[in-house]
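Colleague: Top line first, the protein sequences correspond to chains A and B.
Just so we're aligned, residue 0 is where the first sequence starts under numbering that gives the first Met the number 0, counting upward by one.
Just so we're aligned, residue 0 is where the second sequence starts under numbering that gives the first Met the number 0, counting upward by one.
Virtual Cβ for every residue (Gly too), placed ideally from N, Cα, C.
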Amino acid sequence: MAAIEILLIVLAGVVGLVLVVVLLTSVLVPLFRGIGFLIRHIFTFVGGMVMDSARLIGSLVLTILYVPLVLANLVIGRFSACGHYGRALQHELSGAGLCLYRVALSHPLRLVGLHGLVEGVEKRLPEVMANAPTRELPAGRGGKFEGYSIVGSLAAGGSGAKLYIAQPSAAKFAAFQRDGIDHVGQVVIKTFSLKDGSSLPQIVRESRSLDAAKKLGLILDHELTADRFFYVMRYVPGEPLGMMTKRLHASSGPGGLSPAAMQSGLGYVADLVSTLSVYHRGGLWHKDVKPDNVIVDASGRAHLVDFGLVSSLRSAMTLTTHGTEYFRDPEMVRLALKGVKVHEVDGTRFDLYGAGSVLFSIIEESFPAHGGLSQVTKRCPEAVKWIIRRAMADYDKRYESAAAMLADLDVVRMAPDPFAVRPIDLPSMRASATRTPASLGQGNPLPIPSFAAAVGALGASIGGAIKGAMDTAAARAAGHGPQIRVTHWWTGRAEVVPPADVRLGATPPPLPAAPLIRRSAAEQLASARGRVEEARARIASSRNGFHFRGAPQKPVNGGVGVAVALMVVGLVALNVFRTRQSEHSAPGIDVSTPAADQGSLPSSGAIVLPVATDESAAFESSVDNPPATWPQVTARVLVINDVLQPWSGDSDKTLRAVSHGLSRVGVSALGNALPANDGENVERIGESGDIDLIASARLALGQRPTDSPDAAAVMKRWLAEHSDQVECVVWVSPQGKSQPLRVHVFGGAKIGDTDAASLQASVNQAVQSASR
Amino acid sequence: MLTPVNMDFIGRLRANDQSAWFEVWETFGPVVRSQLSKWGKGRIGSQTVQDLSQETLAALSESIERFDPSRGARFSTWLLAIAKHVLGDELDRRHAQKRGGNKRAAELDESWMASSTDPGVDAQYEAGVFRAKVEAAIRVVEKETEFSDFAIFSMRVLEGKPGKEVAEALGISEPTVSRRLAKVREVLRERLVDVIRIYSFTEDEKDEAARNGLLATPKQERSAADDALFDEAICEIYHRQMDLRRQDQAARLR
Numbered sequence: 000m001a002a003i004e005i006l007l008i009v010l011a012g013v014v015g016l017v018l019v020v021v022l023l024t025s026v027l028v029p030l031f032r033g034i035g036f037l038i039r040h041i042f043t044f045v046g047g048m049v050m051d052s053a054r055l056i057g058s059l060v061l062t063i064l065y066v067p068l069v070l071a072n073l074v075i076g077r078f079s080a081c082g083h084y085g086r087a088l089q090h091e092l093s094g095a096g097l098c099l100y101r102v103a104l105s106h107p108l109r110l111v112g113l114h115g116l117v118e119g120v121e122k123r124l125p126e127v128m129a130n131a132p133t134r135e136l137p138a139g140r141g142g143k144f145e146g147y148s149i150v151g152s153l154a155a156g157g158s159g160a161k162l163y164i165a166q167p168s169a170a171k172f173a174a175f176q177r178d179g180i181d182h183v184g185q186v187v188i189k190t191f192s193l194k195d196g197s198s199l200p201q202i203v204r205e206s207r208s209l210d211a212a213k214k215l216g217l218i219l220d221h222e223l224t225a226d227r228f229f230y231v232m233r234y235v236p237g238e239p240l241g242m243m244t245k246r247l248h249a250s251s252g253p254g255g256l257s258p259a260a261m262q263s264g265l266g267y268v269a270d271l272v273s274t275l276s277v278y279h280r281g282g283l284w285h286k287d288v289k290p291d292n293v294i295v296d297a298s299g300r301a302h303l304v305d306f307g308l309v310s311s312l313r314s315a316m317t318l319t320t321h322g323t324e325y326f327r328d329p330e331m332v333r334l335a336l337k338g339v340k341v342h343e344v345d346g347t348r349f350d351l352y353g354a355g356s357v358l359f360s361i362i363e364e365s366f367p368a369h370g371g372l373s374q375v376t377k378r379c380p381e382a383v384k385w386i387i388r389r390a391m392a393d394y395d396k397r398y399e400s401a402a403a404m405l406a407d408l409d410v411v412r413m414a415p416d417p418f419a420v421r422p423i424d425l426p427s428m429r430a431s432a433t434r435t436p437a438s439l440g441q442g443n444p445l446p447i448p449s450f451a452a453a454v455g456a457l458g459a460s461i462g463g464a465i466k467g468a469m470d471t472a473a474a475r476a477a478g479h480g481p482q483i484r485v486t487h488w489w490t491g492r493a494e495v496v497p498p499a500d501v502r503l504g505a506t507p508p509p510l511p512a513a514p515l516i517r518r519s520a521a522e523q524l525a526s527a528r529g530r531v532e533e534a535r536a537r538i539a540s541s542r543n544g545f546h547f548r549g550a551p552q553k554p555v556n557g558g559v560g561v562a563v564a565l566m567v568v569g570l571v572a573l574n575v576f577r578t579r580q581s582e583h584s585a586p587g588i589d590v591s592t593p594a595a596d597q598g599s600l601p602s603s604g605a606i607v608l609p610v611a612t613d614e615s616a617a618f619e620s621s622v623d624n625p626p627a628t629w630p631q632v633t634a635r636v637l638v639i640n641d642v643l644q645p646w647s648g649d650s651d652k653t654l655r656a657v658s659h660g661l662s663r664v665g666v667s668a669l670g671n672a673l674p675a676n677d678g679e680n681v682e683r684i685g686e687s688g689d690i691d692l693i694a695s696a697r698l699a700l701g702q703r704p705t706d707s708p709d710a711a712a713v714m715k716r717w718l719a720e721h722s723d724q725v726e727c728v729v730w731v732s733p734q735g736k737s738q739p740l741r742v743h744v745f746g747g748a749k750i751g752d753t754d755a756a757s758l759q760a761s762v763n764q765a766v767q768s769a770s771r
Numbered sequence: 000m001l002t003p004v005n006m007d008f009i010g011r012l013r014a015n016d017q018s019a020w021f022e023v024w025e026t027f028g029p030v031v032r033s034q035l036s037k038w039g040k041g042r043i044g045s046q047t048v049q050d051l052s053q054e055t056l057a058a059l060s061e062s063i064e065r066f067d068p069s070r071g072a073r074f075s076t077w078l079l080a081i082a083k084h085v086l087g088d089e090l091d092r093r094h095a096q097k098r099g100g101n102k103r104a105a106e107l108d109e110s111w112m113a114s115s116t117d118p119g120v121d122a123q124y125e126a127g128v129f130r131a132k133v134e135a136a137i138r139v140v141e142k143e144t145e146f147s148d149f150a151i152f153s154m155r156v157l158e159g160k161p162g163k164e165v166a167e168a169l170g171i172s173e174p175t176v177s178r179r180l181a182k183v184r185e186v187l188r189e190r191l192v193d194v195i196r197i198y199s200f201t202e203d204e205k206d207e208a209a210r211n212g213l214l215a216t217p218k219q220e221r222s223a224a225d226d227a228l229f230d231e232a233i234c235e236i237y238h239r240q241m242d243l244r245r246q247d248q249a250a251r252l253r
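1. From A719 of chain A to I361 of chain A, what distance separates their C-alpha atoms?
2. I'd like to know if Q374 of chain A contacts chain B, where contact means its C-beta is closer than 8 Å to some C-beta of that chain.
3. I want to see whether chain D comes within less than 8 Å of H369 of chain A, judged by CB atoms only; does it?
4. Roughly how many angstroms separate the alpha carbons of S431 of chain A and V731 of chain A, rounded to a whole number?
5. Does any C-beta atom of chain B lie closer than 8 Å to the C-beta of E381 of chain A?
6. Do the segment 72-79 of chain B and the segment 124-131 of chain B meet, that is, are 3 or more Cβ pairs less than 8 Å apart?
7. I'd like to know if the segment 412-431 of chain A and the segment 378-388 of chain A are in contact, where contact means that at least 3 CB-CB pairs between them fall below 8 Å.
8. Just grab the DSSP bridge partners of V186 of chain A for me.
9. Would you decide whether P367 of chain A is buried or exposed? Buried here means 16 or more other CB atoms lie within 10 Å of its CB.
10. Grab me the residues of T244 of chain A's own chain with a C-beta within less than 8 Å of its C-beta, minus the 5 sequence neighbours each way, in chain order.
11. Can you tell me the Cα-Cα spacing of I5 of chain A and L23 of chain A, whole angstroms?
12. Does R655 of chain A get closer than 8 Å to chain B when you measure Cβ to Cβ?
13. According to DSSP, L223 of chain A sits in a beta bridge with which residue or residues?
14. Which residues in the same chain as Q34 of chain B place their Cβ atom closer than 7 Å to its Cβ, once the five residues preceding and following it in sequence are excluded?
15. Pick helix, strand or coil for I639 of chain A, following the three-state DSSP scheme.
16. Counting only beta-carbon atoms, is V341 of chain A nearer than 8 Å to chain B?
17. How many whole angstroms separate the CB atoms of R246 of chain A and T190 of chain A, which I take to be in contact at a CB cut-off of 8 Å?
18. In three-state DSSP terms, what is G146 of chain A?
19. Would V288 of chain A and D345 of chain A be called neighbours here (beta carbons separated by less than 8 Å)?
20. CA-CA distance, Y352 of chain A and T43 of chain A?
21. Using the beta-carbon count (16 or more within 10 Å), is G82 of chain A buried or exposed?
22. With a cut-off of 8 Å, does the C-beta of A150 of chain B fall near any C-beta of chain A?
23. Going by DSSP in three states, C727 of chain A sits in which element: helix, strand or coil?
24. In three-state terms, what does DSSP make of H302 of chain A?
25. For I294 of chain A, list the residues DSSP reports as bridge partners.
26. Give the range of the alpha helix (DSSP H) segment to which F31 of chain A is assigned.
27. Roughly how many angstroms lie between the CA atoms of F229 of chain B and G370 of chain A, to the nearest whole one?
28. Where do the N-terminal and C-terminal ends of the beta strand (DSSP E) with R741 of chain A fall, by residue?
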């Protein structure tokens with residue numbers, strides 16, 4: 000009996016101990032944690048109140064000090080100092096206001112757990128107010144725009160231009176309709192004035208692509224006068240994408256976007272990429288794709304605005320580094336700093352990088368600080384991460400077109416569960432990676448006078464709901480344009496009515512097959528051979544005598560023929576005279592390069608060309624004195640020139656020597672790197688294939704100097720990969736201030752009907768001969 | 000000791016090759032800015048540090064002519080000396096503008112460093128420079144490898160996803176993932192050697208990779224455990240570098 004009692008006591012003791020432990024862990028620990036949290040919370044409150052009160056007092060003291068300074072400077076007429084103190088006063092006042100708001104509202108509400116009511120208000124409110132249209136009207140004659148009445152203004156961007164909202168007059172409306180531009184409401188006038196601080200280069204840059212932009216309907220009107228330049232575009236009332244992103248995240252929580260917010264965000268990017276596709280098909284690229292340049296209207300549709308940096312894809316200008324950091328491809332900056340021309344690269348890929356970084360910023364609510372290596376840390380479908388990665392990948396590995404990116408986006412957007420979509424399910428990962436939706440008409444000319452019509456034809460939704468956007472995307476994929484039904488005549492609000500067979504959630508029909516963008520190797524080879532033949536014919540014609548640039552097939556006028564004949568006789572006579580004269584005097588250019596030992600030259604080496612110092616020894620006069628035997632080499636040589644324009648006299652002379660030397664040797668010089676041989680100081684615009692080759696070679700070489708051993712190996716590999724198009728690369732690069740140009744020849748073991756050493760020697764000899 | 004490779008790199012900088020300057024600033028800018036902010040805490044604002052740009056650096060090619068790295072200075076020290084010089088010059092220019100007079104010549108020991116208790120280059124900065132070199136090598140590998148191969152590397156190593164998950168996402172088998180990952184890893188090992196050689200002046204700097212456990216084992220003796228350690232080290236370096244870039248970005252946008 001006693002044993003049982005003891006056993007029961009022990010058992011009760013054990014149970015009691017267990018209960019105590021359970022009580023301690025389940026009740027007391029959370030209780031103490033709660034007490035700790037409360038103490039921390041109260042200390043945070045007290046600390047915040049004390050700190051903000053101290054800041055408030057400090058700001059008020061400074062404000063009191065600044066006021067007399069402002070007034071005193073105003074009285075004595077030192078307006079710049081007055082402005083300086085005024086700005087400081089404004090800064091202190093806004094700081095004091097912020098502290099007051101925290102002391103009176105934010106901290107007390109946070110203490111009682113209602114901080115959600117005012118969370119972020121101190122940032123959101125000023126941002127909205129700063130971006131709101133104002134009633135500020137332009138002053139003086141410079142602020143009048145014929146045919147438009149100004150009704151307000153917008154906050155200026157980083158370019159320094161002024162932005163006004165205007166109402167076109169009846170005459171202007173009629174003019175727009177005559178040009179086929181419909182549905183124009185209020186417009187935005189972006190004006191650059193020398194008086195307002197804009198610079199002439201800025202005005203020139205902004206006005207450069209105007210005609211092309213007008214053809215696309217991006218620009219409605221423009222005017223360039225002696226002191227100002229303005230252009231008119233549609234007004235899109237709405238909010239910047241950056242602000243919309245903040246709202247999406249505020250409604251979703253700290254973990255990342257909710258499924259609904261994700262759909263909205265993807266819809267904005269799809270609209271953006273659709274618009275970019277229109278730009279690219281019209282031969283333009285935007286160059287400044289970033290959240291601030293995307294406006295989301297009341298219907299939820301995203302519009303790309305600001306055409307300040309829009310450029311032609313085939314522009315002969317040098318790439319510039321303009322754009323916005325974090326949304327600008329670093330590769331573009333590298334190429335720009337190397338002096339690469341716009342037409343030598345595919346500008347559309349830089350826009351796609353921007354679109355990828357915009358998508359990243361929507362998902363992360365942050366900038367892609369790490370470029371292409373930036374990592375998505377918030378909740379995000381794997382397929383969307385893949386799209387970002389692909390869009391921001393290395394230049395030659397990213398999407399080939401906006402259409403390809405849009406196809407991927409549409410698959411994710413239209414999926415019932417975007418998180419279930421795997422990267423392998425994306426069109427770019429399947430066999431259709433190089434195909435594009437037929438409805439986008441990739442590669443076809445753009446037959447539209449109106450930008451809005453273009454985007455509408457792409458299926459962009461005007462109704463703002465996500466459903467509308469998704470249906471529109473489905474319609475786009477199906478190749479049917481959506482119908483638009485106006486629902487509110489007073490405000491002009493409309494909604495998209497999708498075709499009957501396309502509904503939300505329905506599986507998108509398979510994309511119709513489109514021709515492959517990438518040509519087969521055989522076609523590329525044939526094309527390359529054709530270009531080579533053309534290049535040979537061009538060189539032959541330039542060597543054989545006169546040719547008329549631009550219109551060689553036109554019959555020559557008799558009078559012109561006589562004049563040309565007389566000129567030729569005169570030139571020959573002059574040349575004979577000069578030749579005789581030169582027999583009695585030393586040549587003007589001292590060629591310091593040692594005579595090439597043709598048998599011992601390596602397969603790749605450098606020819607350091609001397610800089611001509613004697614202006615009297617004009618190159619043109621010496622090239623007609625060839626050596627007794629010109630070596631003839633049949634090979635396709637790609638010439639790449641890293642010398643930035645404008646070329647100095649010495650550089651130009653040296654480049655002409657290289658150009659003429661190569662043509663004398665008989666090689667087919669591809670590329671646009673050298674000056675034309677007809678005496679004009681212009682660059683030839685290369686064939687599109689040459690441009691691709693040059694861009695490819697530049698990318699392959701990267702930042703390596705041309706004379707490094709690594710470069711020789713890289714170029715050897717590159718030449719092996721492109722052996723069907725090029726057999727040799729002649730790379731001209733600067734060495735530094737007052738240094739001669741460096742001409743480097745890269746070639747494989749066998750080049751055409753000769754070898755690398757012979758070609759090296761021939762080029763060397765020809766260039767030296769031409770330089771004399 | 001200068002090798003032909005890094006000598007040529009210095010030559011490009013001296014020739015005012017802006018793309019070379021851009022490369023340097025893209026790679027090492029955040030580390031240098033972080034160090035300058037630390038030194039100038041309380042004396043110079045973050046905005047002043049951020050004003051250091053590749054254009055400013057490029058404009059100082061003449062000062063590089065006077066700098067001789069063959070005296071035994073480390074690349075990291077050399078880099079910081081240039082940045083310090085530029086920042087000092089910028090501050091002098093601002094002071095001169097305020098005074099309305101001519102600017103005086105910049106000095107390497109700048110007065111704004113006086114607030115710092117430790118003006119010497121610390122181990123943290125050296126580690127930061129090394130991480131920047133590893134990041135540069137990863138970028139080179141990104142350029143040189145196939146997109147899908149690098150994506151596998153990124154998902155497996157940088158994001159730390161299991162091989163099975165990567166295989167399912169990309170519709171390939173796990174052995175394929177491992178094989179392609181090994182290919183990228185091998186390229187990365189090679190490029191690490193190249194990049195560190197370019198951005199190193201001393202033998203001590205060249206051995207950094209081996210010292211940090213990245214290139215300790217020869218290829219023939221390498222095991223799966225070595226590869227796992229390598230991946231882990233790369234992942235850690237990448238994430239620390241990403242944190243640094245985030246801080247740098249926050250300072251720039253402040």
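Modeller: In brief:
1. 43 Å
2. yes
3. The structure shown contains no chain D; its protein chains are A and B.
4. Annotation note: pLDDT 42 at S431 of chain A (below 50); position unreliable, coordinate value reported separately. For S431 of chain A and V731 of chain A, the distance between alpha carbons rounds to 40 Å.
5. yes
6. yes
7. yes
8. A:A165 and A:R233
9. buried
10. G264, P290, S360, I361 and E364
11. 26 Å
12. no
13. A:F228
14. L79 and Y124
15. strand
16. no
17. About 31 Å; that fails the 8 Å criterion.
18. coil
19. no
20. 43 Å
21. exposed
22. yes
23. strand
24. strand
25. A:P239 and A:H302
26. V28 to V74
27. 23 Å
28. R741 to G746
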